[in-house]
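Engineer: Got a structure here, written out as structure tokens. Questions coming.
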Ligand code: PLP
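Numbering (our numbering), first residue to last: 16 to 490.
This is the structure:
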């Protein structure tokens, strides 16, 4: 493809995306595709000769779109958001066009320095503790996903607890870590990958708010110590996946500090809310954390693959990750004056991810991003009020930020039927969870183009479905 052809097809692709954003609402939100249907529409063999670009773009409409669930639809209320925005997508395109591999400072100084700078901006923008800034002993790094962030934090914690012994001799079977029954499954996955083993992950019971009980943590750490084990890592959550419950960081942090245990705080979606001063209390106690992560690609208008990981002390992380083979040696690394982010992550290679965060911060400004978050919290507040006033639904837990968890008053079966009915309609998409044993519907209001009218229409459809589901339950 010549640069001129690239320009021509590039314009067509940008037009396609812009049109898609304008008409995303017209598609059934949840893909209606049956298993195997997309593959069946594709030729069994790769093409021997190259094809015209227009044919590929036409296949996006004909073959791919039926198999797409529309995360960008304003009627998408399931799971968690997948925010995107013009500046972010354009920055991603620039990142692809530059094709930079930023493994070392020397392989593209701008890739490293913009990342360091923008992550220091994020510390200011979210009011995070200063110890996470690169100007002290800590610093931030962009990972792809929160799952990678927690794995890196766990490896750094293991490094600190064993003074590097694990790297040399393999995992000490006495290492134990802690989380709550509502912690994201990525923590257990990290524990398995790191060789700690699921049997050494203590999954602690919850309080009435679905948050981790500090007294349980304290007593399990003491019991484990008494048995000769080595407690070394706790993951607390600010905004659990199921209900956006917030673990009590001040108490958990004090326990970890006294016990010399690494505290990682996972704020994958909810962390973005801290850009608004009025929601910043979600981070009370964060000064205790050794590491902290949130995903701007969930709720802060940056597209996929942008998880901010901050550490209070970068040496443990670098100690866990750094191996310097001959072919990567260079004078900048030798000088000790530069950051080589390959030592802050699992893979060697890394794209110029910071461009999209940089563009988004500059395009919207802090005030634009605050308006984005406030809009969603306001809509969720309205929705929670309607649920409270309705006769067919009840709140399962108090609304937390942009998430409303509710259930049908007739019970689990009726709630399940409501979910099936509204999702089948294609007009909206909600997901579910279980809280304290109850089947619960989750309404997460966070899509970029969602307005009050969309939320109202969703509520009315839910009430309609509740009538049918309630009647069926009573039969
Ligand atoms: N932590 C929490 C609280 C989450 O809700 C999620 C995803 O929903 C994750 C971690 C995992 O995120 P990622 O997909 O970025 O690995």
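Beta carbons are placed, not taken as given, at the ideal position from N, Cα and C, and that holds for glycine.
These figures come from a predicted structure and were not determined experimentally.
(1) Under three-state DSSP, which class holds residue 99?
(2) Using only alpha-carbon positions, find the residue among 50, 449, 209 and 123 that is nearest to residue 427.
(3) If you follow the beta strand (DSSP E) that residue 447 is in, where does it begin and where does it stop?
(4) Can you tell me the Cα-Cα spacing of residue 122 and residue 380, whole angstroms?
(5) Considering only DSSP beta bridges, list what residue 422 is partnered with.
(6) Below 8 Å between beta carbons: does that hold for residue 391 and residue 461?
(7) Kindly give me the distance between the Cβ atoms of residue 313 and residue 288, rounded to whole angstroms, as I take these residues to be in contact under 8 Å.
(8) Looking at the structure shown, is residue 460 part of a helix, part of a strand, or coil, going by DSSP?
(9) Where does residue 280 fall in DSSP's three states?
(10) Nearest to residue 188 by alpha carbon, out of 76, 405 and 243?
(11) Assuming residue 136 and residue 376 are in contact, meaning their beta carbons sit under 8 Å apart, how far apart are those beta carbons, in whole angstroms?
(12) Indicate, with yes or no, if the ligand PLP has a heavy atom lying under 7 Å from the CB of residue 281.
(13) Check the DSSP bridge columns for residue 193 and list the partner residues they point to.
(14) Quick one: does the C-beta of residue 391 sit closer than 7 Å to a heavy atom of the ligand PLP?
(15) Would you mind working out which of 89, 290, 389 and 238 sits nearest residue 444, comparing C-alpha positions?
(16) Does the ligand PLP have even one heavy atom less than 7 Å from the beta-carbon of residue 336?
(17) State the Cα-Cα distance for the pair residue 272 and residue 278, rounded to the nearest angstrom.
(18) For residue 404, tell me which candidate among 484, 418, 423 and 416 has the shortest Cα-Cα distance.
(19) Please determine if the region 319–336 and the region 140–151 are in contact, where contact requires at least 3 C-beta pairs separated by less than 8 Å.
(20) When the distance is taken between beta carbons, is residue 221 closer than 8 Å to residue 196?
(21) State the Cα-Cα distance for the pair residue 305 and residue 368, rounded to the nearest angstrom.
(22) Where do the N-terminal and C-terminal ends of the alpha helix (DSSP H) with residue 63 fall, by residue?
(23) Hey, is the region 20–32 in contact with the region 49–63, meaning 3+ C-beta pairs nearer than 8 Å?
(24) Assuming residue 271 is part of the alpha helix (DSSP H), what are its boundary residues?
(25) Rounded to whole angstroms, what's the CA-CA distance from residue 191 to residue 151? Just pull it up for me.
(26) Is the beta carbon of residue 174 closer than 8 Å to that of residue 15?
(27) Just mark residue 217 as buried or exposed, buried being the case when its beta carbon has 16 or more other beta carbons within 10 Å.
(28) Return yes when the C-beta of residue 35 is under 7 Å from any heavy atom of the ligand PLP, and no when it is not.
(29) Mind checking residue 1: buried by the 16 CB within 10 Å criterion, or exposed?
(30) Could you compute how far the alpha carbon of residue 265 sits from the alpha carbon of residue 215?
(31) Go to residue 238, then tell me how far its alpha helix (DSSP H) extends in each direction, as first and last residue.
(32) Can you have a look at residue 67 and say buried or exposed, based on whether 16 or more other CB atoms are within 10 angstroms of its CB?
(33) Let me check you understand the geometry: is the CB of residue 255 closer than 7 Å to at least one non-hydrogen atom of the ligand PLP?
(34) Is residue 84 near the ligand PLP, in the sense that its beta carbon is under 7 Å from a heavy atom of that ligand?
(35) So for residue 143, helix, strand or coil by DSSP?
(36) Ignore the nearest five residues each way along the sequence and tell me which others in residue 259's own chain have a CB closer than 7 Å to its CB.
Structural biologist: In terms of the structure at hand:
(1) In the structure shown, residue 99 sits in coil (DSSP, three-state: anything other than H, G, I, E or B).
(2) The closest CA to that of residue 427, considering only 50, 449, 209 and 123, is found on 449.
(3) In the DSSP annotation of this structure, the continuous segment of the beta strand (DSSP E) that includes residue 447 starts and ends at 446–450.
(4) C-alpha separation (whole angstroms): 30 Å.
(5) Looking at the DSSP assignment, residue 422 forms a beta bridge with 409.
(6) Remark: C-beta atoms of residue 391 and residue 461 approach each other more closely than 8 Å.
(7) Residue 313 to residue 288, Cβ: 11 Å. No contact.
(8) Reduced to three states, the DSSP call for residue 460 is coil.
(9) Residue 280 falls in the strand class under three-state DSSP.
(10) Considering only alpha carbons, the answer is 243.
(11) Right, their Cβ atoms sit about 6 Å apart.
(12) True, at least one ligand heavy atom lies under 7 Å from that Cβ.
(13) The partner list for residue 193 (beta bridge, DSSP) reads 217 and 249.
(14) Distances taken from the Cβ of residue 391 to the heavy atoms of the ligand PLP include none shorter than 7 Å.
(15) Taking only the C-alpha atoms, the option nearest residue 444 is 89.
(16) Outside the cutoff, so no.
(17) Rounded to whole angstroms, the separation of the alpha carbons of residue 278 and residue 272 is 8 Å.
(18) Closest by alpha carbon: 423.
(19) The answer is yes - the region 140–151 touches the region 319–336, with three or more Cβ pairs under 8 Å.
(20) Contact flag set, yes.
(21) Those two C-alpha atoms are separated by around 23 Å.
(22) Run containing residue 63: none; DSSP gives neither H nor E here.
(23) The answer is no - the region 49–63 does not touch the region 20–32, with fewer than three Cβ pairs under 8 Å.
(24) Taken as a continuous stretch (DSSP letters only), the alpha helix (DSSP H) holding residue 271 covers 264–274.
(25) Straight-line spacing of the CA atoms in residue 191 and residue 151 works out to 29 Å.
(26) Since the first and last residues shown for the chain are 16 and 490, residue 15 lies out of range.
(27) Looking at its Cβ environment, which holds 16 or more other Cβ atoms inside 10 Å, residue 217 is buried.
(28) No, the beta carbon of residue 35 sits no closer than 7 Å to any heavy atom of the ligand PLP.
(29) Residue 1 is absent from the structure shown; the chain starts at 16 and stops at 490.
(30) Approximately 25 Å, taken between the alpha carbons.
(31) Per DSSP, residue 238 belongs to the alpha helix (DSSP H) from 229–241.
(32) Under a 10 Å Cβ-count criterion, residue 67 is classified as exposed, with fewer than 16 other Cβ atoms of the shown protein chains found around its own Cβ.
(33) Because some heavy atom of the ligand PLP lies under 7 Å away, the Cβ of residue 255 counts as near it: yes.
(34) Residue 84: no, Cβ never under 7 Å from the ligand PLP.
(35) It is coil, neither helix nor strand.
(36) Around residue 259: 285, 415, 416 and 418.
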